[in-house]
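Trainee:
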Amino acid sequence: MTSPTPSPTTKASARARAASPVATSYETALEELEQLVARLDAGQLPLDQLLTQYQRGAELLAYCRARLEAVENQIKVLEGDALKPWDAA
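So for the sequence shown, my numbering puts the first residue at 23; every next one is plus one.
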């Protein structure tokens with residue numbers, strides 16, 4: 023059994039997503055992710071949009087996690103490689 027060939031539109035949109043950044047900032051990515059989760063939770067998306075939105079959510083989540091990790095690493099450098107609790111500052 024062969025798998026279906028992605029349509030040219032699907033291939034083009036995948037290339038466009040790969041070429042452009044997921045978001046312009048952590049804040050915009052988080053806002054879009056929150057809106058996306060609300061739409062998914064509402065349960066009113068058609069199945070094809072559900073999958074597309076889920077994939078977008080995974081991209082946004084990965085972006086947010088990477089940004090948070092980068093900030094954490096910067097804090098480690100500033101604090102001498104030892105993270106301190108926020109209230110200890």
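Cβ atoms here follow ideal geometry from the backbone N, Cα and C, with glycine treated the same way.
Quick check on DSSP: helix, strand or coil for residue 77?
Mentor: Here residue 77 sits in helix by DSSP.
Trainee: Between the beta-carbon of residue 60 and the beta-carbon of residue 54, is there less than 8 Å?
Mentor: Taking 8 Å as the Cβ cut-off, residue 60 and residue 54 do not qualify as a contacting pair.
Trainee: Based on Cα-Cα distance, which residue from 65, 98, 99 and 88 lies nearest to residue 51?
Mentor: Measuring from the Cα of residue 51, the nearest candidate turns out to be 88.
Trainee: What would DSSP say about residue 99, mapped onto helix, strand or coil?
Mentor: Looking at residue 99 - three-state DSSP - the assignment turns out to be helix.
Trainee: Which of the three DSSP states, helix, strand or coil, is assigned to residue 50?
Mentor: Helix, per DSSP.
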